[in-house]
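A.B. asks: For the record, in the sequence shown the residue sitting at position 100 is 732 according to this note's numbering, with numbers rising by one throughout.
Just passing along the structure, written as C-alpha cells.
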Amino acid sequence: MQAGIGIDASLGLSFAEYDTLLAGAMSAGYRSAWTPSGPPTRDGFQVCAQWARATESAPSAPFELGIAVIPAPAWTVQALVSQAGTVSEISGGRFILGLGTGGAYGAEYRQMHGLGDMPIVAMMRDYITTIRGLLNAETVSYEGKVVTLKGMKVLGRPVQVPLYLSALGPQMLRLSGELADGVCLNWTTPEHRDWCRERIAGGAAKAGRKSADVTLMEYIRVCIDEDEGRARRAFAKAFMGYALARPGASKDAGYRGHFRRMSFDSTLNEIEALRERGTSADELADAFPEEFLRQMGYYGKAAGAADALKELSRGLDVPVVRIVGTEPGLEGAMRTVEACAPAFR
C-alpha cells in the first residue's frame with residue numbers, strides 16, 4: 633500500500649508552503665501527492681509542475697504527482713494531452729491524470745459550460761481512448777458520440793501518463809476496468825469497495841485484462857483538531873456538498889446515487905428535508921449521525937487518526953489522505969500528514 637496526500641485550495645497554502653508540506657510528506661513516507669483541478673481550485677497542471685520540482689529529491693522511490701480529478705467535458709482532448717504531456721516531461725514521468733465527468737449528468741452544469749445532452753459513459757470512453765492515442769504520439773482519427781477527431785496529432789514523441797477514471801456507478805467502473813490504468817473512488821466505505829472491485833473486474837475481463845492491473849485509489853478525508861466538535865463540523869461540511877442532492881435534482885445520479893447504493897438514502901432524505909425548512913449550514917452539518925460520518929473518513933484528535941486510517945484504507949492500493957482543515961494554514965495540514973503516516977508503515 634502506497635499512501636499519498638491530497639491538497640486543495642481550501643487549505644489556503646502558498647506555493648512555498650506546498651514545498652514545505654511536500655517535504656514533510658516525503659519524510660513521513662508518503663509516495664504521492666494529488667490535487668483536484670477546476671473551479672475554485674488552482675490549475676492542477678501548473679500545481680503538479682511546481683510539485684515536480686519540489687519533489688525531485690524524494691528519499692525513496694519516485695514521488696508521484698496526480699490530478700484527481702479534472703472535469704473532462706470542460707476541456708478539449710488536445711488541450712488535456714498537451715498539458716499532461718508537458719507535466720510528464722517536467723516530472724520525469726511521475727505524473728498521473730485522473731479524468732472525471734464533472735457535473736455533466738446535471739442540466740445546470742451542462743448549461744453553464746454550453747454543453748448539450750450527452751451520454752456520460754460514452755463521453756468518457758471517447759476521452760480516454762483519444763487521449764491515450766494522442767499521448768502515444770499517434771495521429772488519431774476517431775468518431776465517437778461526443779469526441780470526433782480527423783487526423784489529429786499533438787505530441788512529437790510518446791509520453792507515459794497513466795490515465796485514471798473517476799468512477800462511482802457500475803457502468804463507469806466497468807469502463808475503468810476495460811480501459812483505464814486506475815480508478816479514482818471517492819467517499820466510499822471499505823465494504824462498498826468489494827462491490828466496486830467486482831464491476832472493475834467485469835470490465836477488465838471484457839478487455840482481456842487482469843483486474844489487478846487497475847490501481848484503486850481514493851481520497852480519504854481527514855480533519856485533525858483537538859476540539860473534536862470543531863473537527864466534526866468541518867468534516868461534515870466537506871461531506872455535505874457531495875452528499876445532498878440539489879433541490880429538484882435526481883437522487884439516482886452522481887454522488888447522491890452513489891450514497892443510495894450504500895444504503896444511506898433515508899439519512900440523507902432527512903437532512904435534505906431539514907435544508908428545505910431553512911436549517912443553517914452549521915445545524916445541517918451537526919445533523920449527520922456520528923456512525924454515518926465515521927464510515928466516510930476520520931475527524932478528531934491526532935492520536936486516533938492512524939488506527940482509523942488502517943480500517944478506512946481497507947481494499948485500496950493507494951489511499952490518499954485528503955486534508956480537511958478547521959482553518960486554513962500550513963500548521964494544521966502538517967499535523968494531519970504526521971498523524972496519519974503511521975497507518976501506512
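Note that beta-carbon positions come from the ideal geometry of N, C-alpha and C, so glycine has one too.
For Thr-820, count the other beta carbons within 10 Å of its own beta carbon; 16 or more makes it buried, fewer makes it exposed. Which is it?
C.D. replies: As a first step, residue 820 is located in the sequence shown; it is residue number 188 there, counting from the start. Classification for Thr-820: buried.
A.B. asks: Please classify Thr-771 as buried or exposed, where buried requires at least 16 other C-beta atoms within 10 Å of its C-beta.
C.D. replies: Your numbering for residue 771 matches position 139 in the sequence shown. Its Cβ having fewer than 16 others within 10 Å, Thr-771 is exposed.
A.B. asks: Following a CB-centred definition, is Arg-825 positioned closer than 7 Å to any heavy atom of the ligand HEM?
C.D. replies: The ligand HEM is not part of the structure shown, which contains no ligands of any sort.
A.B. asks: State the CB to CB distance for the pair Ala-937 and Ala-965, rounded to an integer number of angstroms; the pair is presumed to be in contact (CB under 8 Å).
C.D. replies: Counting from one through the sequence shown, the residue named residue 937 turns up at place 305. Counting from one through the sequence shown, the residue named residue 965 turns up at place 333. Not a contact, Cβ separation roughly 13 Å.
A.B. asks: For Ser-898, which of Gly-880, Phe-924, Ala-917 and Glu-915 has the nearest alpha-carbon?
C.D. replies: Walking along the sequence shown from the start, residue 898 turns up at place 266. The candidate whose alpha carbon is nearest that of Ser-898 is Phe-924.
A.B. asks: State the start and end residues of the unbroken alpha helix (DSSP H) segment that holds Leu-807.
C.D. replies: On the sequence shown, position 175 is the one that residue 807 refers to. Looking at the DSSP string, the run of the alpha helix (DSSP H) that includes Leu-807 is 802-811.
A.B. asks: Is the region 799-814 close to the region 735-747, with three or more CB pairs under 8 Å?
C.D. replies: Contact between the region 799-814 and the region 735-747 is not established, with fewer than three Cβ pairs separated by less than 8 Å.
A.B. asks: Report the partner residues of Asn-818 according to the DSSP bridge assignment.
C.D. replies: Counting from 1 along the sequence shown, the entry for residue 818 is found at position 186. For Asn-818, which the question treats as bridged, DSSP gives the partners Tyr-851.
A.B. asks: Write down every uninterrupted run of the alpha helix (DSSP H) in the region 829-913 whose length is 4 residues or greater and which is fully enclosed by it, in chain order.
C.D. replies: Counting only runs of 4 or more, we get 860-875, 886-893 and 897-908.
A.B. asks: Phe-727 lies in the beta strand (DSSP E); which residues open and close that run?
C.D. replies: For this step, residue 727 is matched to residue 95 along the sequence shown. Taken as a continuous stretch (DSSP letters only), the beta strand (DSSP E) holding Phe-727 covers 727-732.
A.B. asks: By the three-class DSSP mapping on this structure, what secondary structure does Arg-742 have?
C.D. replies: Position 110 of the sequence shown, counted from the first residue, corresponds to residue 742. Looking at Arg-742 - three-state DSSP - the assignment turns out to be helix.
A.B. asks: For Arg-888 and Glu-959, I'd like the C-alpha separation in whole angstroms.
C.D. replies: For the purposes of this step, residue 888 is taken as the residue at position 256 of the sequence shown. For the purposes of this step, residue 959 is taken as the residue at position 327 of the sequence shown. Answer to the nearest angstrom: the Cα atoms are 27 Å apart.
A.B. asks: Can the beta-carbon of Lys-883 be found less than 8 Å from the beta-carbon of Ala-877?
C.D. replies: As a position in the sequence shown, residue 883 is number 251, starting the count at 1. As a position in the sequence shown, residue 877 is number 245, starting the count at 1. Yes, these two residues count as a Cβ contact at 8 Å.
A.B. asks: Hey, how far is the Cα of Thr-673 from the Cα of Ile-639?
C.D. replies: Translated into positions along the sequence shown, residue 673 becomes position 41. Translated into positions along the sequence shown, residue 639 becomes position 7. Taking the straight line from one Cα to the other gives about 10 Å.
A.B. asks: In angstroms, rounded to a whole number, what distance separates the CA positions of Met-744 and Thr-708?
C.D. replies: Locating residue 744 in the sequence shown gives position 112, where the first residue counts as 1. Locating residue 708 in the sequence shown gives position 76, where the first residue counts as 1. Taking the straight line from one Cα to the other gives about 16 Å.
A.B. asks: Which of the three DSSP states is assigned to Lys-782 in this structure?
C.D. replies: Looking up residue 782 in the sequence shown gives position 150. Look at Lys-782 here: in three-state DSSP terms it is strand.
A.B. asks: With a threshold of 16 other CB atoms inside 10 Å of the CB of Asp-758, please say whether the residue is buried or exposed.
C.D. replies: Position 126 of the sequence shown holds residue 758. Counting Cβ neighbours within 10 Å, Asp-758 comes out buried, since at least 16 surround it.
A.B. asks: By alpha-carbon positions, which one of Pro-671, Asp-675, Trp-683 and Thr-652 ends up nearest to Ala-665?
C.D. replies: As a working note, residue 665 is residue 33 in the sequence shown. The shortest Cα separation from Ala-665 among Pro-671, Asp-675, Trp-683 and Thr-652 belongs to Trp-683.
A.B. asks: Using the three-state DSSP reduction, which class does Ser-723 fall into: helix, strand or coil?
C.D. replies: Here residue 723 corresponds to residue number 91 of the sequence shown, with the count starting at 1. Helix.
A.B. asks: Express the C-alpha separation of Ala-655 and Ser-642 in angstroms, rounding to a whole number.
C.D. replies: In the sequence shown, counting from the first residue as 1, residue 642 sits at position 10. In the sequence shown, counting from the first residue as 1, residue 655 sits at position 23. Straight-line Cα distance between these residues: approximately 20 Å.
A.B. asks: What residue range does the alpha helix (DSSP H) around Gly-676 cover?
C.D. replies: Here residue 676 refers to the residue found at position 44 when the sequence shown is read from its first residue. That run of the alpha helix (DSSP H) goes 676-686.
A.B. asks: By the DSSP assignment, the alpha helix (DSSP H) with Gly-964 in it spans what residues?
C.D. replies: The count along the sequence shown starts at 1 and reaches residue 964 at position 332. Where Gly-964 is concerned, the enclosing alpha helix (DSSP H) stretches over 962-972.
A.B. asks: For the beta strand (DSSP E) that contains Gly-776, what are its first and last residues?
C.D. replies: Within the sequence shown, numbered from 1, the residue matching residue 776 stands at position 144. Run containing Gly-776: none; DSSP gives neither H nor E here.
A.B. asks: Taking the continuous beta strand (DSSP E) assigned at Ala-665, which residues delimit it?
C.D. replies: As a working mapping, residue 665 is identified with position 33 in the sequence shown. Element bounds for Ala-665: 664-667.
A.B. asks: Please report the distance separating the alpha-carbon of Ala-863 from that of Ala-704.
C.D. replies: For this step, residue 863 is matched to residue 231 along the sequence shown. For this step, residue 704 is matched to residue 72 along the sequence shown. Their Cα atoms are separated by approximately 33 Å.
A.B. asks: Along the chain, where does the beta strand (DSSP E) that runs through Gly-698 open and close?
C.D. replies: Translated into positions along the sequence shown, residue 698 becomes position 66. Per DSSP, Gly-698 belongs to the beta strand (DSSP E) from 696-703.
A.B. asks: Let me check one thing: in DSSP terms, what residues is Arg-954 bridge-paired to?
C.D. replies: Counting from 1 along the sequence shown, the entry for residue 954 is found at position 322. Gly-638 and Arg-853.
A.B. asks: Can you tell me where the alpha helix (DSSP H) with Leu-941 in it begins and where it stops?
C.D. replies: What you label residue 941 is simply residue 309 of the sequence shown in a count that begins at 1. In the DSSP annotation of this structure, the continuous segment of the alpha helix (DSSP H) that includes Leu-941 starts and ends at 937-944.
A.B. asks: Less than 8 Å between the beta carbons of Ala-973 and Ala-660, yes or no?
C.D. replies: Working through the sequence shown from its first residue, we reach residue 973 at position 341. Working through the sequence shown from its first residue, we reach residue 660 at position 28. In contact: Ala-973 and Ala-660 (Cβ atoms closer than 8 Å).
A.B. asks: Counting Cβ pairs, one atom from each stretch, are 3 or more of them under 8 Å apart for the region 904-912 and the region 849-865?
C.D. replies: Here the region 904-912 does not lie against the region 849-865, with fewer than 3 beta-carbon pairs under 8 Å apart.
A.B. asks: By Cβ distance, which residues of its chain are closer than 6 Å to Thr-968, with the 5 residues on each side in sequence left out?
C.D. replies: In the sequence shown, residue 968 corresponds to position 336, counting from 1. Excluding positions up to five away in sequence, the list reads Val-854, Ile-856 and Ile-955.
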